[in-house]
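Below is one structure, written out as structure tokens; comments come after it.
In the numbering used here, the protein residues as written are 65 to 748.
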């Protein structure tokens, strides 16, 4: 499949010598300082000073302006069948503005634009030259070409590319350098090509991209420099001895390498770094400053979710936080807490894991596109499905496998109808695989021919009309678990259907979608917190947005919960509160000024759990346990209590000592002016 691929290079390290030219006794500074960080440490990387000097610079092009990049050289496309590919042109013939991710023109500038050549369509040929205006080497006895290069998708290369010289106005070309994509790969190569054989002549220099069969590699070329000289290379700087490292203006160490780790820093504090080169007895000017903040490898922002005001019955509010992975490896993440644990255990009104086909769903598309399969049978070259969480089958649409020119995909998967009362809390849970790497139908850019859309909707009138729940999700190439509180949409309604829709924007050759483990669940009076997505993956050096939803089951609702986020070896505590203080150490004060029932711990529990509570003034207090039917099963406290902090233990038994079965229970604390309920999960 000939998919257009990304043209942004993620630049991590630089190789070789680049930059501006300095002469004589100039003290050349280091260049292109980069940083990465871990807990209490910032790592510094930089490039050596530019010492190369082969004479006079007759041409230097670093493609400073992306929009003008294609105009800096001349372009000839030869043997182009169908007008596809080559320099600054996509395989479908559309223009490419520039390449990105290469060496910046000047130290301290972030953008590093370049020239870029792209493969042609499968089964076609492109022979494309990007060449200079006339370069006058008359009067010089030596000449050199300097340039940097890298590739994307080098493993798809069918041919090598070339650097050529013409001394007859472009009538004929001679190869002076061969660039092998399988040798350069995705590294950054710095090249010096000796073309002294052409000294004393007028020449053109060309970068020739050749793809004989199509669907090959992408070639990036940058920092093209042509020298004319009359001798060997000269070191433009003095002899380099070492580098000196500065943090916030203070010297902290020296090294002879082009990297240095600054340790013992404070996480969350920004530091600014510079590097100077030491020549003999004095220092160069510093390189451009870089600032960085050391952080733990797995963090969240913000570190608590707080809804300040108590809520009225039926109110629903959301806040978003981010999981941030600063590590160099991907992490699966998941949430553990009372709400998440009990949500998955709540009663199913409808459930389908697709391991037995479509039991509770139907493909209602005009052309049936939904299929059932596992990760092997469902996958194709550009849509490789992960295994489902249960290792079984799932529902999917593979638009990549359907291919180009095979009609429009507008695939709908609709659930059976569910009867509801309109008074209970209703939740939708499902696993989704939806990479959408080229964006949606209304997006802009060079990849619209591969765009796609998906949405989740609900209907309360047997499918006559539909309202969108969400159409903004995307998961990357891995399964992600989502959770939605539908209760705010369903007041007074008596039926419910769910629809998953996927479309390829009117016939694009797109990717596809997978759906699994769909459940419509009935909650209870304490099902107030949703977290979505609640299982997934955060890749290295990336973030995931998580939505926390709060639904008030009664007037004056306030509550709190401790949610634990697991990411690889890391565990983070996220306090969530509604109308309460999140200072969980309040219960340790000698004289509390509020009434408060805290979440029990552990939860779920077996055989025993602890329940903390605080009393603001001497008063009558009762703490009772109810089962899911609302029947009282245990009285933990019914007495007059003084102001203070207290802990009660409960072993999951009735007042008579009889063990209760596994399940969900409710702990109610009541005073004449205060009432709060918490959910407990007993696991035998």
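The C-beta atom is built at its ideal place from N, Cα and C for all residues, glycine as well. None of these values were measured; they are calculated from a predicted model.
{"Item": "Below 6 Å CB to CB, which residues in the same chain sit around residue 83 once its five sequence neighbours on both sides are set aside?", "Value": "For residue 83, the pLDDT reaches just 33, beneath the cut-off of 50, and the residue's location in the model is therefore unreliable, leaving the point undetermined."}
{"Item": "Can at least three beta-carbon pairs, one atom from the stretch 158 to 178 and one from the stretch 300 to 308, be found at a separation below 8 Å?", "Value": "no"}
{"Item": "On the premise that residue 541 lies in contact with residue 494, defined as a C-beta separation below 8 Å, what is that separation, rounded to the nearest angstrom?", "Value": "Not really, about 18 Å apart at Cβ, beyond 8 Å."}
{"Item": "Assuming residue 186 contacts residue 279 (C-beta within less than 8 Å), just tell me the rounded distance between them.", "Value": "4 Å"}
{"Item": "Restricting to Cα atoms, I'd like to know which of 520, 512, 349 and 599 is closest to residue 575.", "Value": "512"}
{"Item": "Grouping DSSP H, G and I as helix and E and B as strand, with all else coil, what is residue 667?", "Value": "coil"}
{"Item": "Using 8 Å as the threshold, is the C-beta distance between residue 340 and residue 168 below it?", "Value": "no"}
{"Item": "Go ahead and pull the three-state DSSP assignment for residue 294.", "Value": "coil"}
{"Item": "Here's a check: name, in chain order, each residue in its chain whose Cβ is nearer than 6 Å to the Cβ of residue 356, leaving out the five neighbours to either side.", "Value": "99, 101 and 106"}
{"Item": "Is the separation between the beta-carbon of residue 239 and that of residue 226 shorter than 8 Å?", "Value": "yes"}
{"Item": "When burial is assigned at 16 or more other CB atoms within 10 Å of the CB, is residue 625 buried or exposed?", "Value": "buried"}
{"Item": "Taking residue 430 as the reference, which of 130, 471 and 483 has the closest Cα?", "Value": "471"}
{"Item": "Near residue 81, what residues of its chain come up, given a Cβ to Cβ distance below 8 Å and the 5 sequence neighbours on each side ignored?", "Value": "Residue placement at residue 81 is poorly supported in this model, since its pLDDT is 31, which falls under 50; the coordinates still yield a value, given next. Within the same chain, residue 81 has close Cβ partners 111, 112, 114, 115, 116 and 254."}
{"Item": "Tell me the rounded alpha-carbon separation between residue 87 and residue 118.", "Value": "Note that residue 87 scores a pLDDT of 31, beneath 50, so its modelled location is shaky; the value from the coordinates is reported in the next line. Roughly 11 Å separates the two Cα atoms."}
{"Item": "Might you give, ordered along the chain, the residues of its own chain that have their beta carbon closer than 6 Å to the beta carbon of residue 739, omitting 5 neighbours on each side?", "Value": "none"}
{"Item": "In chain order, which beta strand (DSSP E) runs of at least 3 residues are fully inside the stretch 599 to 637?", "Value": "599 to 602, 606 to 615 and 623 to 631"}
{"Item": "DSSP state of residue 511, grouped into three classes?", "Value": "coil"}
{"Item": "Look at the alpha carbon of residue 441 and the alpha carbon of residue 464, and state the distance between them as a whole number of angstroms.", "Value": "13 Å"}
{"Item": "For the stretch 113 to 141, list the beta strand (DSSP E) runs that are entirely contained and at least 3 residues long, ordered along the chain.", "Value": "120 to 125"}
{"Item": "Which value, in whole angstroms, describes the spacing of the CA atoms of residue 320 and residue 338?", "Value": "15 Å"}
{"Item": "Specify whether the stretch 716 to 723 and the stretch 374 to 383 touch according to this definition: at least 3 beta carbon pairs, one from each stretch, less than 8 Å apart.", "Value": "no"}
{"Item": "Report yes if the CB atom of residue 486 is closer than 8 Å to the CB atom of residue 555, and no otherwise.", "Value": "yes"}
{"Item": "In angstroms with no decimal places, state the Cα-to-Cα distance between residue 729 and residue 488.", "Value": "17 Å"}
{"Item": "Going by DSSP, which residues form a beta bridge with residue 99?", "Value": "108"}
{"Item": "Can you give me the C-alpha to C-alpha distance between residue 352 and residue 607, rounded to a whole angstrom?", "Value": "28 Å"}
{"Item": "Whole angstroms are fine: how far does the CA of residue 309 sit from the CA of residue 265?", "Value": "47 Å"}
{"Item": "For the beta strand (DSSP E) holding residue 459, just list the boundary residues, first then last.", "Value": "458 to 462"}
{"Item": "For the candidate residues 468, 397 and 132, whose alpha-carbon lies nearest to that of residue 602?", "Value": "397"}
{"Item": "If you count every other CB in all the chains shown that lies within 10 Å of the CB of residue 748, and 16 or more means buried, which is it?", "Value": "exposed"}
{"Item": "In this structure, how does DSSP classify residue 201 when only helix, strand and coil are distinguished?", "Value": "coil"}
{"Item": "In three-state terms, what does DSSP make of residue 236?", "Value": "coil"}
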